[in-house]
Amino acid sequence: MTSPQHAFHLAELNVVTLRHPFDHPHMADFVEQLNPINAAADSAPGFVWRLVADGEDDATGLRPAGEDVVVNLSVWQTREALWEFTYRSGHLEVMRRRREWFDRHVEAHLVLWWVAAGHIPTIEEALDRLARLRTDGPSARAFTFTNSYTAAEAAALLPAEAEAAVGEPRELGRVG
Numbered sequence: 645m646t647s648p649q650h651a652f653h654l655a656e657l658n659v660v661t662l663r664h665p666f667d668h669p670h671m672a673d674f675v676e677q678l679n680p681i682n683a684a685a686d687s688a689p690g691f692v693w694r695l696v697a698d699g700e701d702d703a704t705g706l707r708p709a710g711e712d713v714v715v716n717l718s719v720w721q722t723r724e725a726l727w728e729f730t731y732r733s734g735h736l737e738v739m740r741r742r743r744e745w746f747d748r749h750v751e752a753h754l755v756l757w758w759v760a761a762g763h764i765p766t767i768e769e770a771l772d773r774l775a776r777l778r779t780d781g782p783s784a785r786a787f788t789f790t791n792s793y794t795a796a797e798a799a800a801l802l803p804a805e806a807e808a809a810v811g812e813p814r815e816l817g818r819v820g
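Numbering of the sequence shown is given in this note's numbering, commencing with residue 645 and proceeding in unit increments.
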């Protein structure tokens, strides 16, 4: 039986718009760091799952939001676990250099939301959450580190979310 504190996990999606193709010399340092950073995530406390393309080590080959947009989708046991990995590991050094590799964002590029433990979000679900955040702003359904909500606040929404999932997805528009 799942304990109440672990009945929910935190899903996250972030998107980046590439300044250059992966095989461009300016991208070499980023590409070189992909496997070590992904391995660090996989072994980080609280890590649950991350999206990877079939037969690949990462999701960089998937382009569901446009040919120049890379997606990163993962699930973590807690907000704190994701925060620790994001801002207190080698991942931070990669983030500090992001302007070398990715365009500056003019709209939300990161979205967080709570899922029932054991649920693996689809990329469509994740892109819908990002679209919600962009159009509606932060809520218990789609939020950021800055404007976050607890699993308890989101728990009341889960039955409604299941019903909404069979409806029409929102338009994402240009990501980046």
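Yeah, the Cβ is synthetic: ideal placement off N, Cα and C, and Gly gets one too.
Rounded to the nearest whole angstrom, the CA to CA distance from Phe-666 to Val-759 is 32 Å. Within the model, the alpha-carbon separation for Phe-787 versus Glu-711 is close to 25 Å.
Per DSSP, the beta bridge partners of Arg-694 are Ser-718.
Around Ala-703, the same chain offers Arg-694, Leu-695, Val-696, Ala-697, Val-714, Val-715, Asn-716 and Leu-717 as residues with beta carbons nearer than 8 Å, after the five sequence neighbours per side are excluded. In this structure, DSSP gives Ser-792 a state outside helix and strand, which the three-state scheme calls coil.
Excluding five sequence positions before and after Val-755, the CB atoms of its chain that fall closer than 6 Å to its own CB belong to Leu-657, Arg-773, Leu-774, Leu-777 and Ala-786, given in chain order. Under the three-state reduction of DSSP, Thr-766 is assigned to coil, being neither helix nor strand. Glu-744: member of the alpha helix (DSSP H) spanning 742-745, first to last residue.
Closest in alpha carbon position to Leu-736, among Glu-768, Thr-779, Ile-767 and Ala-684, is Ala-684. Asn-679 counts as exposed, since fewer than 16 other C-beta atoms from the protein chains shown sit within 10 angstroms of its C-beta. The C-beta distance from Ala-770 to Ala-655 rounds to 7 Å, short enough to meet the 8 Å contact threshold.
In the DSSP assignment, Val-675 falls within the unbroken alpha helix (DSSP H) covering 672-687. Within its own chain, the residues whose Cβ lies closer than 7 Å to the Cβ of Ala-795, once the five positions on either side in sequence are excluded, are Phe-652 and Trp-758, listed in chain order.
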